[in-house]
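See below for the structure under consideration.
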Amino acid sequence: MGLEFGHNLGLRRALRGLPLSPLVPGYGRLVARQRALGLRHIGDALVERGRVLGVLDGVFEEGGARRRQHIGADRLRQLGAARGGAYGPLLAQLEAVQLRDPAALRRILLYQLVELLQAHPQGSDPATAVALGVCPQEAGPLVRVAAAHLRLDGEQRRAVEELADAWADGKVRRSAGLAALLPAGGGGDALLRGRLAEIAGRVKEADDALDAAREAEQAGDARAAEDCMLRAARLASDCPRALLGLVRLHRAGKGDPAEAREVLTVRPAPETVTVALSPAPPAADAANSRRVLRLTRVPGGPTGITEITDLSPSGGWVDPSPPFGQEVRYAALPLRGGRIDGPPVVSDVLLVAPDVSGLRSTTGRGRIEATWTEPSGALGVRVQLVGPAGPVDGADVRTGALTATGLGVGAYVLRVHCRYRSPDGAVIESAGAEHPVSVDPWPTPVDRLDATAAHGSVRFSWSGGDDADVRLVAWPAGPPEPGAELTDDPARPWPAPLPWAAGEDGGLVPPPGSVTRVSALAVLGPRAVAGPGLVVECPPAVAGARVERVGGGRARVTFDWPAEAGEVAATVEQDGAGTAHRVVARSTYVREGLYVDVAPSAFSVTLSAAPRTPDAVVVPPPGGAVRVPADIAVSYRIVPGARRALRRGPSLLRVTLSCPGEVPDDLPEFVLVARSGNGRDPVRPRTPTDGTTLLRVGGGTLSPGSPVELPVPSDLRPPYALRGFLLGEGAADVRLDEPSPTTLVVR
């Protein structure tokens, strides 16, 4: 029933034996898609689960209700619509293959099945073919013929798989090279045998055309020689002799005037070379209307030929990997129907030695810093920096960068040459990239900044910045590092000088409650250098301060606690006792109050919130000091008179002044007032006018250590009560020390 290979079954051109080659253009892409899907062979994509393949007289799907169905273009189209997704590209390519050649699908499937069976340890067992999805009735004949089929090594298998692509592209020389790896006669594959014969015939035609071209060239007939070379190139598009002969003959004859209107230009870049034809062909036809080759000159060897297929977005072609350090030409050959259709347009010789790219520089104080990108094929660079006084030595050159310091002001030129290794081992250099740069004058930076606080202001001093406008500034977002070089940039302008008011001693008064990072900035024209900085803190002022002596050498201090202050510092200044500091926390102040030790002399108390910033220059806020005068006291006593017989003599008023230090000129006047009583116990006078004034002692008559004694008038009728008062402008600053009220009652 025809269940063995060799029967005349199946479609027209169906195989009578096993194929040795798929002979399908694009087979490499097909296999890549197949393997990406994890398929063993293309048959895995052609049948549904649970069904098997028939391959003896075509490609069939067997099993299921329909039993046996031929797999052709229609079925492939149905499978593509049903499966879609990742299977779509593979099934679409198989459909295109089937439409071009109805026998090609079976050739591919049999080629892959035989390869799998020959590589399998049990490849001669029909069960192996069944495991690969082959119909059990056809598994036996398949494994028998596969076992007897010619086995290919790796190089031969590559040759049979690439042969169809090389032939389809017109690469006859490559096709002949692949054919030479295969057994003579095609190993029993009739289709392959015919293809090998076609290749041999095409090679002979191309060789005959080359021989005719050589003879015409020797006879001096350049036009005939060029025509023969063109015919050889059409027959074998990859023939080096034909391609190089076309370039040589066309350049020697300079072409005819009509062809000379086209020019092929090359533009080197750091990593590529752009090839452009003028006038430029339409972008859509560039790839199909021209074939571009790179011709590489190799000293002592054959000229290398490389086809350039990458298109440039701006028009023309791009050589993505030109040979560094070598001379090249480019040739554009016109095409018609994929074949060379005329003499080439040839570019001038180009030495592939590109310069660096992205050469840029920045300058600073006597400094130039430059960066660049070296081409990947460069051995290195040679850098030269020339200034007003000639070449500059001592620059630090490293990969892709240069730093030169200690430079004078003026114009400089930076030249960077790339170095390459030529094929003969010599080192060649690029033309060189040139970059002008100017070193501008910069200010001398401030190297030290100091501050001293006194009298509610701060005075600054610094060293350095001799040729600059030194500004004291506060950066809004943090100061730059000292020594940082700044240019006038609108995106980050320099801050204005400190807007602090001037103090009485020439210092600056910071706002109360402020903490300011003050930095020095040396400015010279549009350039500046950041200097050092320090922190100035002016704690917030303390309001409502009151101080009163409470005896025992102490004074009580009260005030309104400032908001957000953790501690308050009290500074006591007193003549003869120096300066004392006391810091109190809010909790302690609320619980215990604030007391300070003082002497009887005058003193002042200054209150301020304690600084919150370590190592800050602290400037106390203006005001906040409370002045307390010296503890001046006037005491008086009534001294009873001496007894005379049965009566006492008149009483005496003794007034005593206690005053530390010098006696002020504005001591108050002392008055003694008496008030009679209607009852048994007289009432004490409440004010200086609440009674009768008995005695007056002027402040100028009082002095420490010299009490004043006056007799108390006795013309008042007892009982009455006495009391002393201080009158005058200085009365509030003098304490009156009164005796016991019982000693001031006269009965």
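Counting in my numbering, the sequence shown tops out at residue 1472, every number present. For glycine and all other residues, C-beta sits at the position ideal for the given N, C-alpha and C.
When secondary structure is reduced to three states using DSSP, TRP892 falls in the helix class. The C-beta distance from PRO1336 to GLU1262 rounds to 5 Å, short enough to fall under 8 Å. Rounded to the nearest whole angstrom, the CA to CA distance from THR1412 to LEU1377 is 22 Å. By the criterion of a C-beta distance shorter than 8 Å, PRO1257 is surrounded in its chain by VAL1171, ASP1172, ARG1173, LEU1174, PRO1207, SER1244 and ALA1245, once the five residues flanking it on both sides are discounted. Rounded to the nearest whole angstrom, the CA to CA distance from ASP850 to VAL870 is 12 Å.
Excluding residues up to 5 positions away in sequence, GLU1298 lie with their Cβ nearer than 6 Å to the Cβ of THR1304 in the same chain. In the three-state reduction of the DSSP assignment, SER1182 falls in the strand class.
Of the candidates VAL1343, ARG1281 and GLU1292, the residue whose Cα lies closest to the Cα of PHE1328 is ARG1281.
For ASP1322, there is no enclosing alpha helix (DSSP H); the enclosing beta strand (DSSP E) has its first and last residue at 1319 to 1322. Of the other Cβ atoms in all chains shown, 16 or more fall within 10 Å of the Cβ of ALA828; this residue is therefore buried. Assignment of GLU1387 by DSSP, reduced to helix, strand and coil, places it in the coil class. In the DSSP annotation of this structure, TYR752 is not part of any beta strand (DSSP E); the continuous alpha helix (DSSP H) holding it starts and ends at 752 to 761. Cβ-Cβ distances below 7 Å link ALA1178 to VAL1342, VAL1343 and VAL1344 in the same chain, with the five nearest sequence neighbours on each side left out; the list follows chain order. In the structure shown, the three-state DSSP call for VAL1267 is coil. Counting C-beta pairs with one atom in each stretch, the stretch 1111 to 1119 and the stretch 1069 to 1082 have fewer than three that are closer than 8 Å, which means they do not touch. Straight-line measurement puts the Cα of TRP1097 at about 19 Å from the Cα of ILE1153. Here the stretch 1061 to 1077 makes no contact with the stretch 1026 to 1037; the two share fewer than three CB pairs at distances below 8 Å.
Around the CB of PRO1166, fewer than 16 other CB atoms lie within 10 Å, so the residue is classed as exposed. By the Cβ-count criterion, ALA941 is buried, with 16 or more other Cβ atoms from all chains shown falling within 10 Å of its own Cβ. Between GLY910 and ARG920, the beta carbon gap of about 12 Å keeps them out of contact (Cβ cut-off 8 Å).
Look at GLN847 here: in three-state DSSP terms it is coil, with no helix or strand label. By the Cβ rule, the stretch 1132 to 1142 does not count as touching the stretch 1038 to 1052, because fewer than three pairs are nearer than 8 Å. Closest option to ALA967, judged by alpha-carbon separation, among GLU996, ALA937 and ARG992: ALA937. Contact annotation, SER1101 with VAL991: C-beta distance approximately 19 Å; criterion of less than 8 Å not satisfied.
With a beta-carbon spacing of about 7 Å, VAL1351 and ARG1271 fall inside the 8 Å limit used to define contacts. Shown here for LEU857: same chain residues with a beta carbon closer than 8 Å to its own, the five before and five after excluded, namely ARG765, HIS766, GLY768, LEU838, LEU841 and LEU842 in chain order. THR1128 and ALA1120 have their alpha carbons spaced roughly 6 Å apart.
Residue pairing by DSSP places GLU1052 opposite LEU1076 in a beta bridge. Taking C-beta atoms under 8 Å as the contact rule, ARG1409 and PRO1444 fail to qualify, at a distance of about 12 Å.
Judged by DSSP secondary structure, ARG920 falls outside any beta strand (DSSP E) and instead within the alpha helix (DSSP H) spanning 915 to 943. Annotation: the continuous alpha helix (DSSP H) that includes VAL868 extends over 861 to 873.
Here ARG776 carries a coil assignment [DSSP, helix/strand/coil]. Straight-line measurement puts the Cα of GLY1449 at about 10 Å from the Cα of GLU1394. Proximity to PRO995 across LEU1084, GLY926, LYS929 and VAL1023 peaks at LEU1084, based on C-alpha coordinates. Bounds of the beta strand (DSSP E) holding ALA1158 are 1158 to 1164.
For VAL822 and LEU830, the gap between their C-alpha atoms comes out near 7 Å.
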